[in-house]
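Contents: one structure, followed by commentary.
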DNA sequence: CGTTGAACCTGTTTGC
DNA sequence: TGCAAACAGGTTCAAC
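Numbering (my numbering), first residue to last: 55 to 350.
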């Protein structure tokens, strides 16, 4: 569910509502999505949440130096890394309110509230990481799509023979793009999701970066897309789903040309596109119909 | 190197 | 109405 704009929305909300608060205690339910549950219970109590930021689809809760002695990496960029997976929600709540179903982590704060993590499918991830470990973790990711230069974007995309949809979803190429914003940007750039990176012209590549950034910025302004269950840190849905041009529009007409939006599985994911505006690449032979004779 | 499919887990929607 | 299949904003891993 949460891609870059949704995670940015949650991170900004949390920065406003919980930055500066201290974690008093930690309570855990199911923990199979937590790297080292005991580390949370051991290291988080007493720490102040200094800042909440986004890194790709991750949230980084930057923590104050710990008071426990014996922890050689105290203060060394200690952070709580949170990935929302498909259905994760992280939001503060009055401690007295009942917890939603599938709430698995409660951080008691020093102002009487609790920061709660709820995640029905538990595809999310949570980890307490310090300095070197955190840095190492983050090196696996590619460029931030909002910051990437035209040159870097082009070199990352045009050097790869994979399908452009797969490249946009690959977090080691760009960090933060998911299924919705991949399809939305490809529709706007008029590029078929099965086109190869190597196949894109310089113009197309420039256009793709431009519209991707534009879509992401506008989606952030609209506080993300809520298809069925995304809620921000204030419990509010986003509005950007109203502006979707491709994603989820199978069978409806293309806003640009009126053709019928199609759905196909590309890179293992449902992909929505306009078959007219986004012409398909020449299909590989792949058995089936033997049209033209090859050999000459 | 690139693709595909399965797996992780729960809930909701769709189809017969 | 009932029940099974398909599908969901993500990631990872094995197999080819």
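Backbone N, C-alpha and C fix where the C-beta goes; we use that ideal spot for every residue, glycine too.
Between the alpha carbons of residue 288 and residue 280 lies a gap of roughly 14 Å.
For the pair of segments examined, the segment 236-255 was found not to touch the segment 66-75: the number of CB pairs separated by less than 8 Å stays below three.
Counting only the Cα atoms, residue 272 lies some 22 Å from residue 137. For residue 164 and residue 76, the gap between their C-alpha atoms comes out near 5 Å. Counting C-beta atoms within 10 angstroms of its own C-beta, residue 311 has fewer than 16 neighbours from the protein chains shown and is therefore classed as exposed.
In this model, residue 256 and residue 264 are separated by some 12 Å (Cα to Cα). In this structure, the alpha-carbon of residue 145 lies about 42 Å from that of residue 330. Rounded to the nearest whole angstrom, the CA to CA distance from residue 161 to residue 185 is 22 Å.
The alpha carbon of residue 199 has as its nearest neighbour, out of 113, 267, 337, 112, the alpha carbon of 267. Beta-bridge pairing by DSSP links residue 241 to no other residue. Out of 302, 309, 307, the CA that lies nearest to the CA of residue 318 is found in 302.
Straight across, the Cα-Cα distance linking residue 243 with residue 114 is about 32 Å. Between the alpha carbons of residue 261 and residue 148 lies a gap of roughly 46 Å. Taking a cut-off of 8 Å for Cβ pairs, the segment 190-209 and the segment 217-233 touch, as three or more such pairs fall below it.
Beta-bridge partners of residue 137 (DSSP): 112, 179. For residue 69, the enclosing alpha helix (DSSP H) begins and ends at 58-72. In the displayed model, residue 202 falls within coil according to three-state DSSP, outside both helix and strand. Residue pairing by DSSP puts residue 102 in a beta bridge opposite 76. Out of 326, 322, 320, the CA that lies nearest to the CA of residue 307 is found in 326.
Here DSSP, grouped into helix, strand and coil, assigns residue 146 to strand. At a Cβ-Cβ threshold of 8 Å, residue 157 and residue 141 do not count as neighbours. Using a Cβ distance threshold of 8 Å, residue 283 and residue 277 do not count as a contacting pair. By the neighbour-count criterion, in which a residue is buried when 16 or more other Cβ atoms sit within 10 angstroms of its Cβ, residue 238 is buried. Residue 205 is classed as exposed because its beta carbon has fewer than 16 other beta carbons within 10 Å across all chains shown. Here residue 211 really is in contact with residue 259; their C-beta atoms are around 6 Å apart, less than 8 Å. Beta-bridge partners assigned by DSSP to residue 197: 228. Where residue 188 is concerned, the enclosing alpha helix (DSSP H) starts and stops at 185-192. At a Cβ-Cβ threshold of 8 Å, residue 230 and residue 111 count as neighbours. Annotation for residue 177: 139, 140 place their beta carbon closer than 6 Å to its own, counting only its chain and skipping 5 residues before and after. Under DSSP, the beta-bridge partners assigned to residue 325 are 318.
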